[in-house]
Amino acid sequence: LAAVEQCPEESCATVASGFSKPNGKRILVVDDDPAITTFVRDYLEKNGFAVAVCHDTKTAEESLMAELPDLIVLDMVFPNGDGIEFCRALRSSEAWGMIPVIFLTVKDRLQDKLSGFSTGADDYICKPFKVEELLARIEAVLKRACTNEELILRDELTQAYNRRYLQSFLAAEIARAQRTGEPFSLAMVDLDHFKKINDSHGHLAGDETLQALVQTFLGNLRGTDVICRYGGEEFVIVMPRTPRGDGVKIMERLRQTIAGRPLQLRRSQVEIALTFSAGVAGFPSDGISGEELLRAADQALYRAKAAGRNRVMQ
Ligand code: GH3
Ligand code: MG
Ligand code: MG
Ligand code: MG
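And the structure:
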């Protein structure tokens with residue numbers, strides 16, 4: 017477990033994907049002209065972004081499998097490849113359909129702009145361009161995407177991700193794992209006797225417990241782990257680049273943290289002693305689709321409940 021804890025979580029991601037910095041919003045710049053990509057990269061990095069550069073759409077596809085960017089700046093004309101086709105394919109894919117795209121192209125006719133937007137692109141800039149304007153548009157698009165994410169991809173009560181996000185994240189994670197051969201783990205978590213907490217402290221305290229719990233999850237997991245509220249008091253946690261054995265250790269540590277000290281609820285002014293049960297499944301040993309992995313984790317969770325609760329099983 018020490019090895020897991022010591023792993024500087026973001027560093028592997030940076031090395032694998034080619035993004036220039038571990039922090040900051042990630043922008044993928046796809047343009048066959050190295051003068052453009054260098055110029056744009058330098059300017060965006062100066063403004064705090066992490067930038068990855070690709071010179072054709074094939075490499076861009078590989079970069080997407082390595083790590084999800086927050087936004088793509090996309091050229092239209094490539095010696096062998098077509099930005100319009102690329103954007104259309106992105107939009108229809110489960111894993112990458114929600115990534116914002118800004119076209120940056122010499123094509124400045126109305127017809128080109130119309131086809132650009134018809135692919136589902138978020139913005140369109142013609143070359144020659146002012147890099148300050150590109151930055152302003154990137155920031156505006158990211159701000160909208162952030163609001164959107166809060167509204168449609170997160171659970172309102174806890175701000176954990178929702179099932180819709182989980183589905184798309186799993187598709188991307190599976191594509192990445194298949195390509196790199198790296199495993200990942202998925203845990204299904206269900207609170208033990210949560211009904212009793214509602215019964216003895218009231219539904220509002222129950223709600224606040226769920227909020228405090230997600231904060232505790234966030235504080236005890238890696239930034240790259242994804243926490244999703246799967247149902248009422250059920251959560252799914254996806255741990256990228258984590259073999260199942262490590263996933264079990266991480267969940268066991270989390271279980272001990274939660275079981276070891278009661279949650280302090282500020283608004284309700286009570287302490288809630290709480291435990292959870294969890295089932296862990298690993299890609300590819302327990303399944304190669306999201307459905308299979310969720311089923312395997314759910315079955316392991318069932319065994320954890322049957323064995324007496326407050327435990328992690330695989
Ligand atoms: P078990 O150990 O078998 O999982 O027992 P349990 O009581 O946790 O299981 P059960 O599925 O029977 O009940 C889950 C309860 O979680 C039902 C409901 O009262 C509570 N719950 C679900 N969603 C929410 C929510 O959003 N807020 C609150 N306060 N309670 C919720
Ligand atoms: Mg070009
Ligand atoms: Mg339940
Ligand atoms: Mg429960």
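Everything in the sequence shown is counted per the working numbering, starting at 17 for the first residue and increasing by one.
We put the beta carbon where it would ideally sit given N, CA and C, even for glycine.
Proximity to residue i [Cα-Cα], best of the options
i, options, result
"Leu202", "Phe145, Glu224, Asp262", "Asp262"
"Ala289", "Leu169, Arg282, Pro278, Val46", "Pro278"
"Asp14", "Leu87, Val117, Leu310", "For residue 14 there is no data in the structure shown, the boundaries of the chain being 17 and 330."
"Thr75", "Lys41, Asn63, Glu61, Gly34", "Gly34"
"Arg344", "Gly248, Glu287, Ala294, Tyr246", "Limits of the chain in this structure are 17 at one end and 330 at the other, which puts residue 344 out of reach."
"Glu148", "Gln231, Arg319, Asp58, Thr273", "Asp58"
"Val296", "Thr232, Gln285, Gln315", "Gln315"
Enclosing alpha helix (DSSP H) for residue i [first to last residue]
i, result
"Leu186", "179-196"
"Ala228", "219-236"
"Thr54", "50-62"
"Gly99", "99-107"
"Arg271", "260-276"
"Phe339", "With the chain running from 17 to 330 in the structure shown, residue 339 is simply not present."
Burial state of residue i, where buried means 16 or more other Cβ atoms lie within 10 Å
i, result
"Val122", "exposed"
"Met329", "buried"
"Phe133", "exposed"
"Pro144", "exposed"
"Asp124", "exposed"
"Ser27", "Here the model assigns Ser27 a pLDDT of 34, short of 50, so the residue's position is not dependable, and the following value carries that caveat. When all chains shown are included, Ser27 counts as exposed."
"Cys70", "buried"
"Leu90", "buried"
"Ala152", "exposed"
"Thr135", "buried"
"Glu21", "With a pLDDT of 36 at Glu21, under the threshold of 50, the predicted position of this residue should be treated as unreliable, and no value is reported."
Extent of the continuous beta strand (DSSP E) to which residue i belongs
i, result
"Gln280", "279-281"
"Met204", "200-207"
"Thr121", "117-121"
"Ile304", "Here Ile304 belongs to no beta strand (DSSP E), and DSSP marks it neither H nor E."
Any non-hydrogen atom of ligand 5 closer than 8 angstroms to residue i Cβ
i, result
"His217", "Looking at this structure, you won't find ligand 5 anywhere; what it does contain is ligand 1, ligand 2, ligand 3 and ligand 4."
Item to complete: Specify which residues have a beta carbon nearer than 6 angstroms to any heavy atom of ligand 2, listing them in chain order.
Response: Those residues having their beta-carbon less than 6 angstroms away from any non-hydrogen atom of ligand 2 are, in chain order, Asp47, Asp48, Asp49, Asp91, Val93, Phe94.
Worksheet item: On the three-pair Cβ rule with 8 angstroms, is the region 100-111 touching the region 162-176?
Response: Not touching, per the Cβ criterion.
Worksheet entry | the region 82-99 in contact with the region 201-216 per 3-pair CB rule at 8 angstroms | When Cβ pairs closer than 8 angstroms are counted between the two stretches, the region 82-99 is seen not to touch the region 201-216, the count staying below three.
Discussion item. Does the contact criterion of 3 or more C-beta pairs under 8 angstroms hold for the region 309-317 versus the region 213-228?
Written reply: Contact between the region 309-317 and the region 213-228 is absent: fewer than three C-beta pairs spanning the two stretches fall below 8 angstroms.
Worksheet item: Touch check for the region 161-169 and the region 44-54: three-plus C-beta pairs under 8 angstroms?
Response: No, the region 161-169 is not in contact with the region 44-54.
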